[in-house]
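Let me begin by presenting the structure, written as structure tokens, before commenting on it.
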Amino acid sequence: MPTATARHILVENEAKCQQLKQEIESGAEFGEMAKAHSQCPSGRTGGDLGEFSKGVMVAEFDKVVFSDELHKVHGPVKTQFGYHLLEITSRED
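Residue numbers (the working numbering): -1 to 91.
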């Protein structure tokens, strides 16, 4: 079964998500931005979600994590929890 590791930042609206993405793309460190802005408890550890299998996360999340480019900031991705920025740090098929 495919597995991946990823980090994410969860915020309440798309505008905030876009703003954070621009800051990261301009040089801000993803983990530090997660610590400062993420509404998910994982923010305390830089947004690190550890390793997980396909099908464990919500469908919108899985779609990005198991198909998009590694080590790039993806998003905003809207889920039932809010808006996410995702960084896929590894993936095994």
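Glycine included, C-beta positions come from ideal geometry on N, C-alpha and C.
Contact set for residue i: own chain, Cβ-Cβ below 8 Å, skip 5 residues either direction
| i | result |
| --- | --- |
| R93 | Residue coverage of the chain in this structure runs from -1 to 91, which leaves residue 93 outside it and unanswerable. |
Inter-residue spacing [alpha-carbon to alpha-carbon] between residue i and residue j
| i | j | result |
| --- | --- | --- |
| H35 | L68 | 22 Å |
| F59 | I86 | 11 Å |
Residue i (DSSP reduced to helix, strand or coil)
| i | result |
| --- | --- |
| K61 | helix |
| L18 | helix |
| E90 | strand |
CB of residue i within 8 Å of CB of residue j, strictly
| i | j | result |
| --- | --- | --- |
| T1 | S51 | yes |
| Q37 | L8 | yes |
| E10 | P74 | no |
Residue from the options whose Cα sits closest to the Cα of residue i
| i | options | result |
| --- | --- | --- |
| S65 | E90, N11, A13 | E90 |
| G45 | M31, E21, G53, V54 | M31 |
Neighbour flag for residue i against chain D, beta carbons, 8 Å
| i | result |
| --- | --- |
| E85 | No chain D appears in this structure, which consists of one protein chain only. |
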